[in-house]
Each structure stands twice: as C-alpha cells, then as structure tokens.
Amino acid sequence: MRFHIITAAFLWAAFVESRKIRGISSSYKRFYRERKSFLCIDGSKMIPFEQVNDDYCDCADGSDEPGTSACPRGRFYCTNLGFRPHYIPSSRVNDGICDCCDASDEYNSHARCQNTCWNLGQKERAYVEGQMKTLDEGLRLKQQLIEEGVLLWREKQAQLRELQRAAEDLQIKLEEHRKRKHEADRLKEQTLKALKAGDRGFRHQNSTVSHLFQLLDSNKDGSISLDEVKAKVVLVHDETRVLSEDEALTLLGGGHQMDLSKFQNTLWDVLIRGDGYKIKDAHSAPGGLMSEDTHLKAADRVDSNHATATRPLVEI
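When the letters of the sequence shown are read in order and numbered with mature numbering (1 follows the signal peptide of the UniProt record, and there is no 0), they come out as residues -18 to -1, 1 to 298.
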C-alpha cells in the first residue's frame, strides 16, 4: 500500500513539473495562466491550454512553446537571478549546452549545469563599481579642470582689461606726440624762413662776435683771461666800479680764461643783452651792444628761432 502511494506522488510531481511554464518573463506570465484555452500572443490562433509546452509548435509566433525547442521562431527567457536576464533561441533548450547561467535552459537534458549567476553577478557588479569609481574620478578631474579654467579665464580677462587701458593711454600719448610734432614742424618751417631772411645777419653777427672777442683779448693770445675781463667789462649802471674777482669768474663760466667758442656761447650773450654788463668805454645806448647795431638785433632773433627749431623732434 505504501509503495503505491509513493509511486503516485512521484508521478504527480513529474506531471506538475512537466506542466510548469518555463522560459517566460514576469511581464508575459499573464498570458500563461491556467485555463481551458490559450490564445497565441500574436492573436492568430486559439488552442487548448494542454498544448502549451507540449513540444509541438502550434502558434506561428512560437508563443505556445516558450519552454521547448519545438518552434523555430521561439525564444526562451533566462531568469538568471543574481545576474542579467536575457533571451536565447528556443532551439538551444535542452541541447546539452548550458546557455543560461541559472541552468534553466537544460532542465530536461543530461548536461550537469551549475548555477553561476551569483558569481557572474559579483564580477559584473565589481566591474560596474570600478567603472563608477573611474567615472567619479573623471568627473572630479573634470570639475577641477573647469574651476582652473574659470580662474584662468578671469586672469586673462583681467590682463585684457589692463592691456586695453594701456592701449588707451598709448593712444592718448600718441595724439599728444602728433600735436607736438605738428607744432615742431610748424616752428621748423618758420625758422627756416627766418634763417633764409637773416642769413646776412648771421654772417655779420659772426664777424661782430670775433671783433668783440679781439677787443677783450688785449694781449692777442686767443683767449680772454680774468684780468682782461676785469679791465674791459663794467657794470651798466656803475661804470666806475671795477669788477670783483668772483664776478669776473662768474662771467668766465667759473674758469680763469675762455676761447672764442666758449665766449660765443656764454659771455657774448651777457654782453649783447646789455641789461647788466657792457664793454668799458663802448659807445652804445643804455640798451647795450644790441642797440648800436640793427644787424645784431635781427641775428639774435634768428639765432633764437634756430635754437628752438634744432631741438630734437618728437619721435612718433
């Protein structure tokens, strides 16, 4: 009696196992609920539910045989708990080769498949974590580069503003230099005209300078000494007083004698102004040597303009 009960239980378990709907995902389970009939998922045909997974292809889309290899267009769903689920062609079901890591595709074959989903999942999770760390590091470096770029951009903007201000200042200076050059050119033109008009005055002036130098150079040695200045030069408003040695030294530019060249650039200018010193016993008006010769007056004006024009012009 006990033997018959055990045999019946084994047969029932085998029947239930054979009726188990394999190879479907959770989203498709609603189509495979136990009922009297089964509608092919493409809606092309209605068959008795007993014909589902009976190893005979009834539906054109292969939906009645998700757990067997009967339908050429069928697909078997590997659940692969702990790893990535995926579909395989139904022709690979029970072919002796383990395609699903959970071994669900070889439920009725002689293959000894091991469930490797957890190990595969661990490896994949470790790989994904590594990728995430790499991504995080990349994002951190990207943010760092962005911040450095912003700082560099601000620095360049500040430098650009400084350069713009410098350019504006240079433009202002350039305009000023242009005005000065224009004025210098105008004075140069006027001076050249005056030089042409006063050429005779210059020649006369040169002869007058030489004459006056010879007048002061009593001993005709080619230079004017301290004693000769004291003997020949007097104050305009006090002709009777003899110059002191300090006054004579000042007129000589601090030295004890001067030649013609130095005389023309120093003592000559003092004497022709006539506002402080003059040649002793010189027959001139109170204005000094300049008042007695109109050629000297013209020459002096030309000489003044010539000195102005010959200053270095502004370089642009």
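Cβ coordinates follow ideal geometry from the N, Cα and C atoms, glycine included.
No experiment lies behind these values; they were computed from the predicted model shown.
Per DSSP, F65 has no beta-bridge partner at all.
When secondary structure is reduced to three states using DSSP, L234 falls in the coil class, being assigned neither helix nor strand. Taking Q96 as reference, the option from A108, I70, D81 and Q104 with the minimal CA-CA separation is D81. Per DSSP, L217 is one residue of the beta strand (DSSP E) stretching across V215 to L217. Assignment of K18 by DSSP, reduced to helix, strand and coil, places it in the coil class. Cα atoms of R147 and E119: separation of roughly 42 Å, rounded to the nearest angstrom.
Residues of the same chain with a CB within less than 6 Å of the CB of S51, apart from the 5 flanking positions on each side, are S72, S73 and V75 in chain order. Ranked by Cα distance from I254, the first of E210, T190, D263 and R12 is T190. Apart from sequence neighbours up to five positions away, the residues of its chain that approach W250 with a beta-carbon distance below 6 Å are V191, ordered along the chain. In the structure shown, Q96 falls within a coil segment according to DSSP collapsed to helix, strand and coil.
Non-local beta-carbon contacts of S19 in its own chain, meaning distances under 8 Å to residues more than five positions away in sequence, involve M28, I29, P30 and F31 in chain order.
Rounded to the nearest whole angstrom, the C-alpha separation of L174 and L197 is 32 Å. Between the alpha carbons of C22 and R12 lies a distance of about 13 Å. Taking every protein chain shown into account, the CB of M114 has fewer than 16 other CB atoms within 10 angstroms, so this residue is exposed. Counting the other CB atoms within 10 Å of its CB gives K260 a total of 16 or more, which places it among the buried residues. Annotation for T61: P67, D84 and S86 place their beta carbon closer than 7 Å to its own, counting only its chain and skipping 5 residues before and after.
Apart from sequence neighbours up to five positions away, the residues of its chain that approach G64 with a beta-carbon distance below 7 Å are C99, W100 and G103, ordered along the chain. For M240, DSSP records a beta bridge to I206. Cβ neighbours of R4 within its own chain (closer than 6 Å, five residues either side excluded): G49. Contact annotation: L225 and V252 have beta-carbon atoms that are not nearer than 8 Å.
Looking only at E16, D257 and G237, the smallest Cα-Cα distance to S205 is reached by G237.
For N35, the number of other beta carbons within 10 angstroms of its own is at least 16, and it is reported as buried. With a contact defined as Cβ atoms closer than 8 Å, E210 and D228 miss out at about 16 Å. The beta-bridge partner set that DSSP reports for K260 consists of V216. In the three-state reduction of the DSSP assignment, R4 falls in the coil class, being assigned neither a helical nor a strand state.
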